[in-house]
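Residue 126, in the numbering used here, is where the sequence shown stops; the numbers in between run on with no holes.
From the three backbone atoms N, C-alpha and C, an ideal C-beta is built for every residue, glycine too.
Step one of this worksheet: look at the structure below.
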Amino acid sequence: MAIHTQLPIYKVAYDLLVVVTGAVKNMQRDLKRNIGEKISNECTEITVLIFRANAAQDKEPHLMELLERLQVAELLLRLSMDMRIISKQAYAIAVEKTTSIGKQANGWRRAANRPLHGGQGRHD
């Protein structure tokens, strides 16, 4: 098992958290509490779920929850951009990160569920 902070997916998730934190910092106070806090919480939880999936024998439930939270974060980011709460540039950077996280999480899920044939996979 690799150290979770060294995983490529974790690095991208952390970068997403940095982008989101910067975007939320510039929000109006009422929107910061209602929308900004939710986006930040979802992104924080995504990084926690990466740790949990890395440490778990059965990665599937953690990765499925990660993908669900990623969808929520994407929805809230899109809403924020549409309402002009965050800049289009911040949105574009965030979506690039969420797309990368989603691809990596789905790849990790497939690899974890593959039968073991001399590589990574489930050890049932």
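Item	Value
From residue 90 to residue 51, what does the alpha carbon distance come to, in whole angstroms?	27 Å
Classify residue 32 as helix, strand or coil using the three-state DSSP reduction.	helix
Using CA coordinates, which residue listed in 46, 94, 45 and 108 is at the minimum distance from residue 62?	108
Taking just the CA atoms, how far does residue 117 sit from residue 34?	45 Å
At the level of alpha carbons, what is the spacing between residue 53 and residue 84?	32 Å
Checking 8 Å against the spacing of the C-beta atoms, do residue 21 and residue 92 come in under that value?	yes
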